[in-house]
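Undergrad:
In this note's numbering, the protein residues as written are 238 to 608.
1. Taking the alpha-carbon positions, what's the residue 588 to residue 449 distance?
2. Out of 532, 308, 533 and 347, which one is the CA nearest neighbour of residue 651?
3. Taking only runs that begin and end inside the region 444-516, name each unbroken beta strand (DSSP E) of 3 or more residues, in chain order.
4. Comparing C-alpha positions only, which one of 550, 275 and 334 sits nearest to residue 300?
5. Taking only runs that begin and end inside the region 301-346, name each unbroken beta strand (DSSP E) of 3 or more residues, in chain order.
6. With three or more beta-carbon pairs closer than 8 angstroms as the criterion, would you say the region 469-488 touches the region 435-445?
7. Do the region 383-397 and the region 268-276 touch if we need at least three Cβ pairs shorter than 8 angstroms?
8. Can you check which of these residues, 424, 315 and 462, is closest to residue 296 by C-alpha distance?
9. Just how far apart, CA to CA, sit residue 370 and residue 407?
10. Report yes if the CB atom of residue 513 is closer than 8 angstroms to the CB atom of residue 289, and no otherwise.
11. Since residue 489 and residue 453 are thought to touch, with beta carbons under 8 angstroms apart, how far apart are those beta carbons, to the nearest angstrom?
12. Using the Cβ count rule (16 or more neighbours within 10 Å means buried), how would you classify residue 313?
13. Can you say whether residue 345 is buried or exposed, counting buried as having 16 or more other CB atoms within 10 angstroms of its CB?
14. So residue 581 and residue 569 are supposed to be a Cβ contact under 8 angstroms. How far apart are they, rounded?
15. Do you know how far the Cα of residue 277 is from the Cα of residue 575?
16. Starting from residue 585, follow the alpha helix (DSSP H) in both directions and report where the run begins and ends.
17. Please give me, in chain order, every unbroken run of the alpha helix (DSSP H) with length at least 4 that falls completely inside the region 362-416.
18. Looking only at its chain, what residues have a beta carbon closer than 6 angstroms to the beta carbon of residue 360, apart from the 5 residues adjacent to it on each side?
19. How close, in whole Å, do the beta carbons of residue 416 and residue 331 come, if the pair is a contact with beta carbons under 8 angstroms?
20. Count the other C-beta atoms from every protein chain shown that fall within 10 angstroms of the C-beta of residue 578, then say buried if there are 16 or more, exposed otherwise.
21. Comparing C-alpha positions only, which one of 533, 269, 338 and 421 sits nearest to residue 508?
22. Residue 294 lies in the beta strand (DSSP E); which residues open and close that run?
23. Would residue 563 pass as a contact of residue 601 if the rule is Cβ separation under 8 angstroms?
24. Just to confirm, is the Cβ distance from residue 537 to residue 531 under 8 angstroms?
25. What does DSSP give as the partner residues of residue 568 in its beta bridges?
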C-alpha cells in the first residue's frame, strides 16, 4: 500500500475520538468551505521516466590565472554579488581577475609597437633614399640591398611587436569572465579572493528560455519514433501535465544502458519547471482516460466503524445568508496521492466536497457554506 495512503489513514483515525466526544455535545451550525472535486486523468501509451534539462548549459572557465578581484551582480541588483539561481543577461560580467599584471603587459607591448613602428618608418625612408641614389649612380647597388634588408627586418620586428600587443590585450580582456547568453546561474564555483589558473571552472550557466525533458527508449520504439511526434509530459511533484513534441532522437544507443536518448521540448514552463526536475513522458497513444476524482487531502476524514475513509458531500443547498446546506458522508477509497491531493473512488457525479471543517462534521449535519 502507498505509504502516504497509510499515513492518511493514521491521521484521520485520530479524529474518531474527537468526533465521538463531539457527538454527545449540542450541535451548532458548522461553517465550512466546499469545492467540487477535479477530474484526474491519465494518459495511455508508452511511459518513460525523464529529467528536465535546460535548452543550453555551459561550464565557464577562466582563460588566465590570477586572484579573483570581484564577482558580478544579478540582473537589476547591485546590493549583492552573484549566487546560484540568479539571472544574468548576455555579456554580463560574472567575475574579474586582478588585472594589474595584464594591464602592465599591455602598456609594455604598446611601447614596443611604437618603437618598432618608428624603426620601420626610418628603415623605409633609408631604403627610398638609397633607391634614388643608386639610380643616379651616386652609391653602389650593394648599399640598396643592405637598406632593403634592414627595412624587411624592421617590418618583421613591427609585426612581432603588434602580435605581442594583441596577445596582451586578449589576456587583459580574458581577465573578465562574461555570460555567453542570457540565463540562470546553476553553479558558482569560485569566490572573491580565490586564486585561479587557466581552465579553472567558475560558473555553470543555463539558458532556460526553453526546457527539454531527456529520457531513454529501447530500440523497439525507435523504429516508429520521429522528430515532431506528440508527447505528454507529467510532473508528479507539481501536479501538472503539458503537451510537447519530440525534438531530438539520438542516432546511437548509450553503450551502457543500450537505450536511445530522446528529447522533448517544453516552452512557456520556465516559471515552475526547473532544471533537474523528474518527469514522466508518454509517447504513442496519449488518449486521456479518467482515473478518479481529485480531492484535497484535508477533505478526507475517518469513516464508519469499519475504519474506512470518507468525505462530506454537500446536498440540499438553500440560498440565504451564508448558503445553508446538509453534509452527508460519502465512503471513498484512496487510489493514489498526488502532492497535497488524493485521487479517490466512490464519489457521485456533481458532488461538492467539504474542504475546510470536515473533521467537525457528522453525517446529516446542517452546515453554512462560505466562499
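Glycine included, every Cβ here is placed at the ideal spot set by N, Cα and C.
TA: With the given structure in hand:
1. So the two alpha carbons sit approximately 39 angstroms from each other.
2. No answer is possible for residue 651: it lies beyond the span of the chain, which begins at 238 and ends at 608.
3. Counting only runs of 3 or more, we get 467-472, 477-490 and 497-504.
4. 334 is the residue among 550, 275 and 334 whose C-alpha sits nearest the C-alpha of residue 300.
5. Secondary structure remark: continuous beta strand (DSSP E) runs of at least 3 residues inside the region 301-346, in chain order: 303-308 and 330-334.
6. Contact between the region 469-488 and the region 435-445 is absent: fewer than 3 CB-CB pairs across the two stretches fall below 8 angstroms.
7. The region 383-397, when compared against the region 268-276, does not touch it at the 8 angstroms Cβ threshold.
8. In terms of CA proximity to residue 296, 424 leads the group 424, 315 and 462.
9. Rounded to the nearest whole angstrom, the CA to CA distance from residue 370 to residue 407 is 44 angstroms.
10. The criterion of a C-beta distance shorter than 8 angstroms is satisfied by residue 513 and residue 289.
11. Contact annotation, residue 489 with residue 453: C-beta distance approximately 12 angstroms; criterion of less than 8 angstroms not satisfied.
12. Here residue 313 is exposed. Its C-beta has fewer than 16 other C-beta atoms within 10 Å.
13. With fewer than 16 Cβ atoms within 10 Å of its Cβ, residue 345 is classed as exposed.
14. Sure, about 4 angstroms apart at Cβ, within 8 angstroms.
15. About 10 angstroms.
16. Here residue 585 belongs to no alpha helix (DSSP H), and DSSP marks it neither H nor E.
17. Positions of the alpha helix (DSSP H) runs, each at least 4 residues long and wholly inside the region 362-416, are given as 378-411 in order along the chain.
18. The residues are 387, 388 and 391.
19. The Cβ separation is near 6 angstroms, so the contact holds.
20. That one is buried.
21. It is 421.
22. Run containing residue 294: 283-298, per the beta strand (DSSP E) assignment.
23. Contact flag set, yes.
24. 8 angstroms or more divides the Cβ of residue 537 from the Cβ of residue 531.
25. Bridge partners of residue 568 according to DSSP: 547.
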